[in-house]
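Here is the structure we will look at.
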Amino acid sequence: MSDLQRTHTCGQLRKEDAGSEVTLSGWVDTRRDHGGVIFIDLRDRYGKTQIVFNPEHNSEAHQQASTLRSEYVIALKGKVTERPEDMVNPNLDTGEIELFVDKLEILNTSETTPFEITDDTEVSTELRLKYRYLDLRRPVMQKYLAFRHKVCQVARQYFDRNNFIEVETPFLTKSTPEGARDYLVPSRINRGQFYALPQSPQLFKQILMVSGLDRYFQIVKCFRDEDLRAQRQPEFTQLDLEMSFVREDDVINIIEGLMVDIFSKVLNKEITTPFPRLSYHDAMKMYGCDAPDLRFGMTIEEITDIAKKTDFKVFQKVAESGGQVRGINATGCASLSRKEIDELTTFVNQFGAKGLAWFKVDESGLTSQIAKFFTAEEQSEIKERFKAAPGDLLLFVADKESVVSQSLSQLRLNIGKRNGLIPARPHSGGNEKEFNFSWIVDFPLLEFNEELGRYDSLHHPFTSPRQEDLQILEERPLDVRARAYDIVLNGVELGGGSIRIHRPDIQKRIFHLLNIDDETAQKRFGFLLEALKYGAPPHGGIALGLDRMVTILLGLDDIREVIAFPKTQKATCLMVDAPSEVDENQLKDLGISLRKPE
RNA sequence: GGGGCCGUAGCUCAAUUGGUUAGAGUACCAGACUGUCGAUCUGGAUGUUGCGGGUUCGAGUCCCGUCGGCCUCGCCA
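To convert, take the position in the first sequence, counting from 1, and add 1; that gives the working numbering.
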């Protein structure tokens, strides 16, 4: 190890330290060689300090300094000196001082890095992930990781204050084929058998309630073997909790309190509670999705009734065959060109919409290629319904409900961005961040899976139906409401939870509805059904996507920015090159032989 | 599994309808320079145009395949 042991960090020294002898260590950030005097910005996690090598101060150090290059790791001892007033750098916390070097030690050299270690360079994701250790050297990345750490610390303290106990649950556990695809781990000791990595600790936390833990939380990795998105990684972190003897409001209150705490302690911001609540039904009706962005209006309106009366065949046919016609008012968008509207049409095509009908609103009424199919009354009825004013553009999708909802929900966001209704990201020069929380409640318990011709849980099979809906469980299952709730932030589902079923008879009825027979239920969830027999308390909980939450709080849009070592879209790690092939011997131990792809 | 965008110097990108020796900025290297902080000035080096095949007199450019990255639909109880 070096003779020089640091006494301060690179973000620490101030005017008051002038005159003292200090030792600093860190990376060479930039080098400015004036021949006579050489300046180095020395960087570590805490900041940067300007280092001065002046031949008149110490010629030996100055000579050594000419060999320094970017990312060399050095230690140096010297004298803190106050900078003359006109040489202060206001962009640096340490900008009022600089360090005149007496002794320099090069702890390590560095090859030229594949990209520059600065906050503002644009480098491909591929390179950043391959050289993640260099990427993480960028101050902004360290800021993100520290921010995430702080969120976790605040959460831990909050839960501790509120009597929650952090309990670790197993990673090597049991496959549950419902839901997402499992990551499987072969067992060597039990040949031919597999563990699964948990998609969430759902059943364990319920079991902990049966155990009487009363309040559990965990910040825990979960694994889902599904295709990736900017908002979705195969391994991600949940802030998971479960509580006994609670109703919906108790869980909601705990989470609102947590959010208040995080905002005040991490962002130094006040937020007001309670968060508004919106029923699933209303969310779908007004926004076309169950995680609406409530930072702006532009709600969806339905005109199926008008559509039925018109001479416009497309509308008519859809309206009469059980579909619906709904639309949004893209306020002020009448100026969009034909080409731009065509682009919007292509945009909704990807959600299954066959087309996009539109009207431009002007002083005289509605104009478009299809306006002639609508009588004056129908036109004014439509105008009325959308409170349309001259300059507006009305956009319609006619199809089955799911297609209409999804298309319009996405179209609404698209127009919202176009019209500047969604605030710009702060790092892209935007202004104050806006955070809009809401709860979506009154979810249906089940949905009908057309593909498989059966009912699926909307949430998961352990969600409790409402007590008063139990009597119609078998007769009108789609009308049964769940005791579930989702928390939404700026149009992103942050998390969801529910009051669980705590009685084995009801749990069995749900399994039956889901077409899971006794034998299968026993095989997969027998331990839960068994546990529920022994005095399981009423309980409920929630899980929040930590990666998503941190991403949004930082005003970013890619969760990879807040994950130290994320995967690519093909679920690989470019840095360690995982997944990879394994030795034949390892497979032999596991009793596995690979089937060659055809 | 489907659709789309992309791959050119270490990095970020350019290169007319297919046309001669593939350029710029930056980084890098060398020299100059005692107050810079995106240092400056002068000079220099840098390419299997992801890979394989095809079309063509001629391919960075067109076609097929393949690998990789990104976005997206499906999927994600």
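Just so it is clear, CB atoms sit at the ideal spot from N, CA and C, and this is done for glycine as well.
Subject >> Inter-stretch contact (C-beta, 8 Å, three-pair minimum) for the segment 515-528 and the segment 492-504 >> reply: Too few Cβ pairs lie closer than 8 Å, so no.
**OP:** Tell whether a beta-carbon distance below 9 Å holds between K434 and G556.
**Re:** Taking the first residue of the first sequence as 1, we reach residue 434 at position 433. Taking the first residue of the first sequence as 1, we reach residue 556 at position 555. Between K434 and G556, the C-beta spacing is below 9 Å.
**OP:** Tell me whether M88 is buried or exposed, calling it buried when 16 or more other Cβ atoms sit within 10 Å of its Cβ.
**Re:** One-based indexing of the first sequence puts residue 88 at position 87. The residue is exposed, with fewer than 16 neighbouring Cβ atoms inside 10 Å.
**OP:** Could you give the DSSP three-state label for S60: helix, strand or coil?
**Re:** As a working mapping, residue 60 is identified with position 59 in the first sequence. Look at S60 here: in three-state DSSP terms it is helix.
Original post:
If you draw a straight line from the alpha carbon of K309 to that of E321, how long is it in whole angstroms?
Top reply: One-based indexing of the first sequence puts residue 309 at position 308. One-based indexing of the first sequence puts residue 321 at position 320. The alpha-carbon of K309 is positioned some 7 Å away from that of E321.
Original post:
By DSSP, does L588 sit in helix, in strand, or in coil?
Top reply: As a first step, residue 588 is located in the first sequence; it is residue number 587 there, counting from the start. When DSSP states are grouped into helix, strand and coil, L588 belongs to the helix group.
**OP:** Look at F54 and I39 and say whether their C-beta atoms are less than 9 Å apart.
**Re:** Position 53 of the first sequence, counting from 1, holds the residue named residue 54. Position 38 of the first sequence, counting from 1, holds the residue named residue 39. In this structure, I39 lies closer than 9 Å to F54 by Cβ.
Original post:
Using the C-alpha atoms, what's the distance from R32 back to D42?
Top reply: Within the first sequence, the letter at position 41 stands for residue 42. Within the first sequence, the letter at position 31 stands for residue 32. Rounded to whole angstroms, D42 to R32 spans 7 Å at the Cα level.
Subject >> Close beta carbons around Y159, own chain, < 6 Å, minus the five adjacent residues each side >> reply: The sequence position of residue 159 within the first sequence is 158, counting from 1. The residues are L259, D262.
Subject >> For L395, three-class secondary structure by DSSP >> reply: Position 394 of the first sequence, counted from the start, is the residue given in the question as residue 395. In the structure shown, L395 falls within a strand segment according to DSSP collapsed to helix, strand and coil.
Original post:
Alpha carbon to alpha carbon, how far is N269 from K340?
Top reply: Here residue 269 refers to the residue found at position 268 when the first sequence is read from its first residue. Here residue 340 refers to the residue found at position 339 when the first sequence is read from its first residue. Answer to the nearest angstrom: the Cα atoms are 45 Å apart.
Subject >> Residue closest to V326, alpha-carbon to alpha-carbon, out of C334, G333, F316 >> reply: Within the first sequence, the letter at position 325 stands for residue 326. Residue nearest to V326 within the set C334, G333, F316 is F316 (criterion: CA-CA distance).
Subject >> Three-way DSSP call (helix, strand, coil) for H460 in this model >> reply: Numbered from its first residue, the first sequence carries residue 460 at position 459. Correct three-state label for H460: coil.
Original post:
Is V81 closer than 9 Å to G27 when the C-beta atoms are compared?
Top reply: Residue mapping note: residue 27 aligns to position 26 of the first sequence, counting from 1. Residue mapping note: residue 81 aligns to position 80 of the first sequence, counting from 1. V81 sits away from G27, with the two beta carbons spaced by 9 Å or more.
**OP:** Quick one: measure Cβ to Cβ for I52 and V102, integer angstroms, because I've assumed they're closer than 8 Å.
**Re:** The residue you call residue 52 lines up with position 51 of the first sequence. The residue you call residue 102 lines up with position 101 of the first sequence. Contact holds; Cβ gap of about 6 Å.
**OP:** Kindly indicate which residue of I208, Y217, A565 has the alpha-carbon position closest to the one of D1.
**Re:** The requested residue 1 does not occur in the structure, where the chain is confined to residues 2 to 599.
Subject >> Strand pairing of M244, partner residues [DSSP] >> reply: Within the first sequence, the letter at position 243 stands for residue 244. Note: M244 sits in a beta bridge opposite R216, G541.
Original post:
In the DSSP assignment, what residue or residues form a beta bridge with Q51?
Top reply: Position 50 of the first sequence holds residue 51. Beta-bridge pairing by DSSP links Q51 to D42.
**OP:** Go through its chain and collect everything with a Cβ distance to D121's Cβ below 8 Å, but skip five positions before and after it.
**Re:** By 1-based counting over the first sequence, the position of residue 121 is 120. The answer is none, since no qualifying residue turns up.
Original post:
Is the segment 454-461 touching the segment 410-425, taking contact as three or more C-beta pairs under 8 Å?
Top reply: These segments do not touch.
Original post:
What's the C-alpha gap between I307 and K418?
Top reply: Taking the first residue of the first sequence as position 1, residue 307 is located at position 306. Taking the first residue of the first sequence as position 1, residue 418 is located at position 417. If you draw a straight line from the Cα of I307 to the Cα of K418, it comes to about 29 Å.
**OP:** Helix, strand or coil for P580, going by three-state DSSP, please let me know.
**Re:** The residue you call residue 580 lines up with position 579 of the first sequence. Coil at P580, not helix or strand.
Subject >> Burial state of D34 (16 or more Cβ within 10 Å) >> reply: Position 33 of the first sequence, counted from the start, is the residue given in the question as residue 34. Per the 10 Å Cβ criterion, exposed.
Subject >> A335, buried or exposed, once every other Cβ within 10 Å from all chains shown has been counted against 16 >> reply: Within the first sequence, the letter at position 334 stands for residue 335. Buried, because 16 or more other Cβ atoms sit within 10 Å of the Cβ of A335.
Original post:
Terminal residues of the continuous beta strand (DSSP E) containing P187?
Top reply: Counting from one through the first sequence, the residue named residue 187 turns up at place 186. Looking at the DSSP string, the run of the beta strand (DSSP E) that includes P187 is 185-187.
Original post:
Within the present structure, is the beta-carbon of G454 separated from the nearest heavy atom of the ligand SAH by less than 8 Å?
Top reply: The model on display carries no ligand, and the ligand SAH is accordingly not part of it.
Original post:
Considering only C-alpha positions, which residue in the set E379, L229, R413, D226 is nearest to M287?
Top reply: Within the first sequence, the letter at position 286 stands for residue 287. Of the candidates E379, L229, R413, D226, the residue whose Cα lies closest to the Cα of M287 is R413.
Original post:
Hey, how far is the Cα of E257 from the Cα of M550?
Top reply: Stepping through the first sequence from its first residue, residue 257 is reached at position 256. Stepping through the first sequence from its first residue, residue 550 is reached at position 549. Roughly 14 Å separates the two Cα atoms.
Subject >> Complete alpha helix (DSSP H) runs within the segment 478-534 (minimum length 4 residues, chain order) >> reply: If we require 4 residues or more, the alpha helix (DSSP H) runs fully inside the segment 478-534 come out as 505-514, 519-533.
Original post:
With respect to the beta strand (DSSP E) encompassing N80, which residues constitute its N-terminal and C-terminal limits?
Top reply: Position 79 of the first sequence, counted from the first residue, corresponds to residue 80. Residue 80 is actually Lys in this sequence, not Asn. Counting along the chain, the beta strand (DSSP E) containing K80 begins and ends at 74-83.
**OP:** Figure out for me which residue from H540, E494, D312, N163 has the closest Cα to the Cα of E379.
**Re:** The sequence position of residue 379 within the first sequence is 378, counting from 1. Between E379 and the set H540, E494, D312, N163, the nearest pair of CA atoms involves D312.
**OP:** Could you spell out the range, first to last residue, of the alpha helix (DSSP H) harbouring G417?
**Re:** Locating residue 417 in the first sequence gives position 416, where the first residue counts as 1. Per DSSP, G417 belongs to the alpha helix (DSSP H) from 402-419.
Subject >> For N109, the three-state DSSP class (helix, strand or coil) >> reply: On the first sequence, residue 109 is found 108 positions in, with the first residue counted as 1. Assigned with DSSP and collapsed to three states, N109 falls in strand.
Original post:
With distances taken between CB atoms, is the gap from T291 to M285 smaller than 9 Å?
Top reply: Here residue 291 refers to the residue found at position 290 when the first sequence is read from its first residue. Here residue 285 refers to the residue found at position 284 when the first sequence is read from its first residue. Reading off the sequence shown, one finds Asp at residue 291, where the question assumed Thr. Contact: yes.
**OP:** Compare the beta carbon distance of Q239 and G496 with 9 Å and say whether it is the shorter of the two.
**Re:** Translated into positions along the first sequence, residue 239 becomes position 238. Translated into positions along the first sequence, residue 496 becomes position 495. Pairing Q239 with G496 gives a Cβ-Cβ distance under 9 Å.
Original post:
Do three or more CB pairs link the segment 539-550 to the segment 227-244 at distances below 8 Å?
Top reply: The count of Cβ pairs closer than 8 Å, one atom from the segment 539-550 and one from the segment 227-244, reaches three, so the stretches are in contact.
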